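When the letters of the sequence shown are read in order and numbered with mature numbering (1 follows the signal peptide of the UniProt record, and there is no 0), they come out as residues -25 to -1, 1 to 520.
No residue lacks a Cβ here, since even glycine has one placed at the ideal position from N, Cα and C.
Just so we're clear, the structure is a prediction, and the values are computed from it rather than from any experiment.
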Amino acid sequence: MRQSGRWKRALIGTVVGGFVGSTKSSWVDPDTPAVEKVPQRRALTPGDNRHYNLVFSDEFEIDGRTFNDGYDPRWTAINKNDYTNKALHFYSSENAKTKNGVLKILTEQKENSYKAFDETKKTFYADKKYIQSAMLQSWNKFCFVGGIIEFRAKLPGDPKIGGLWPALWMLGNLARATYVGSSDYMWPYSYNRCDSRTRISQEIDACAKVNHYGMQAYTGRGAPEIDIIEAMQGEAGKLPSTYIQRPYQSTSLQIAPGVEIDRPILGKRPHEGHWYEDLDYGNSTNVTVDLNPFFYGVTLVHKPKQYTYQADAISANLQLNDTHYNSMHLYRVEWEPPAEDGSGGYLRWYTDEKFVFGINGDSLSIMQSEIPSEPMYLLMNTAVSSSWGFPAPCPDNCECECFECGNPACQCALPTDYCNNFPASFEIDYVRVYQAVNESRHILGCSPESRPTEKWIEGHAQRYMEEGDKAPLRPLQTGGMPCEKDRDCGGKLHGICISGRCACEDGYTGPNCLAHAGFYDEDTGAHPEPFLCKLTNRQPACSPV
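This is the structure we're talking about:
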């Protein structure tokens, strides 16, 4: 562990990368129960007898935490429109807070006006949305390769009402979720072969011999996606080509390049030999799982046509019930990266420690893609989308692009009782990441030596920013929030109010000293901070903003 007082540097774009020995990670929340911090056999995957060490946790025990850009070492709650997946919501940091020992992501009816961009006309225009929600990302803060990832969470809303899209997931650090300039030609590639079919559409392909931006020559890169849970709710009833009904949990690996010949038709089963085979489904007592016939991936259309490419979603659905919406449940994935040559590796999903779905590296041979080896970050959000739980197809003679609650013209395009589902709270009790002790494939860091991202992000910073941003992420702020009493700064254990400003005790950060510090043990580089207010001999020492 780092010596006292050295934790205070901002953790933005950390570039270290190392595998886990027997030392503790400084990303571990001190509020995590002690038993979780002891290396022990933790894997549920048969045959994995390795000891795993806790390397990251957030217990959300401290009430009042907020996640504005620069407020928290682990998470950033974005403030922007989401124009992916036919989104109907605007993301605001106001809608993510901790209370009663859990993180609450609030989805509510609230109008937002913003400046949108027309991709066809290449111009901005005024637009508005009527739902406000939140997305938290650990992008370019905490990333890792391989391990066990576990969330304990209660899903939002009424399981019988469609429209909400809660998700706990992971994405490669080369793409920042909802920043489509960063994900074009990057998401969701997990491919390391040189061929004419992909070298145009995969921006960092395995044909390149010049190692620009610190990349390794002849190494294909991308931003694959691992979905731990995407929950679909709505009216119960038989669905086509499956025995699963709503509500259900989707677990997925999204990768490219995708299958182009004889692709499965949505709502139908794949033809034998034309989809991924030898997938492992976990049907057992009280567990009902099936292939997901409703999402096989997307075609990313670009001009000219040769830049268009196919992304695949290898996905299974688990039957959920009302308890997943009124009590906490465990959602987990065990991720073993491939060998250096891209072979092997696996992903195995578990809910409440019962096996749901598994993908082995050999199952990806149809397209010669790989189990992810990219540094990936964590995401938590609730989306609302007209492609998720809405009437399909939209009824005839209906205003199908009208989604405003209270507007009579919109009601035919909305799920039954949709507007009664707000406000809805997605509650996360904790997030924990474990990695195998002395396992070289399990790596901590957003830019490890084998899969660097730092120089690429620096060289393409505009892709990861909104208009008007000075940098993709603001440096971490420690203290300095205006205050009147010590309790405004978390109380004497966290910080105190001196001369009208919060000054943080050792081990706490954020403008009001409510966040536990977080950093990589190996990180020795200095990072800038916009404001630092620390206690030294019970006196505040503040740097200028």
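Based on DSSP bridge pairs, tell me the residues matched to W114.
Paired residue(s): none; W114 is not in a bridge.
Can you tell me whether S338 sits near the ligand MN, meaning its C-beta is under 8 Å from at least one heavy atom of the ligand?
The ligand MN is absent from the structure shown, which contains no ligands of any kind.
Which term fits P215, buried or exposed, when burial requires 16 or more other beta carbons within 10 angstroms of its beta carbon?
exposed
Spatial neighbours of Y100 within its chain, please: CB distance less than 7 Å, with the 5 preceding and 5 following residues excluded, ordered by chain position.
A91 and D93
Which two residues bound the contiguous alpha helix (DSSP H) that contains G156?
V155 to S158
Please classify T298: does DSSP put it in a helix, a strand, or coil?
helix
Taking contact to mean 3 or more Cβ pairs, one atom from each stretch, closer than 8 Å, check whether the segment 7 to 18 and the segment 126 to 141 are in contact.
no
Could you round the C-beta distance between T484 and L451 to whole angstroms and report it? I think they count as a contact, below 8 Å.
6 Å
Can you round the beta-carbon distance between P350 and F119 to whole angstroms, since I take them to be within the 8 Å contact cut?
7 Å
Hey, could you find the ends of the alpha helix (DSSP H) W431 is sitting in?
E429 to G434
Tell me, please, which residues DSSP counts as bridged to K90.
A101
Go through its chain and collect everything with a Cβ distance to I175's Cβ below 8 Å, but skip five positions before and after it.
Q281 and Y282
Between the beta-carbon of E210 and the beta-carbon of S225, is there less than 9 Å?
no
Going by the beta-carbon positions, is the gap between A198 and L241 smaller than 9 Å?
no
Whose C-alpha, out of V359, G212, H246 and Y405, is nearest the C-alpha of T73?
Y405
Going by Cα to Cα distance, which pick from V412, A436 and N60 is closest to V30?
V412
On a Cα-Cα basis, can you pick out the residue from S361, P163 and W140 that is closest to residue 607?
Because the chain in this structure spans residues -25 to 520, residue 607 falls outside the shown range and cannot be described.
My guess is that A142 and N487 are in contact by the Cβ rule of under 8 Å, so how many angstroms apart are they, rounded?
Actually they are not in contact, since the Cβ atoms of A142 and N487 sit about 29 Å apart, beyond 8 Å.
Cutoff 7 Å; reference S338; Cβ partners in own chain excluding five residues on either side:
Y251, E252, D253 and L254
Residues in its own chain within less than 8 Å of G381 by CB, not counting five upstream and five downstream?
C394
I'd like the ranges of any beta strand (DSSP E) spanning at least 3 consecutive residues and lying wholly in the segment 307 to 376.
321 to 326, 329 to 335 and 351 to 359
Identify, in the order they occur along the chain, each residue of the same chain with its Cβ nearer than 7 Å to the Cβ of E34, setting aside the five sequence neighbours on each side.
D4, D6, T7 and Y405
Can you tell me which of the three DSSP states K(-2) falls into?
Because K(-2) sits at a pLDDT of 43, beneath the cut-off of 50, its placement in the model cannot be relied upon, and the following sentence gives the value as read from the coordinates. It is coil, neither helix nor strand.
Nearest residue (CA-CA) to M161, options L489, E442, I432 and L448
I432
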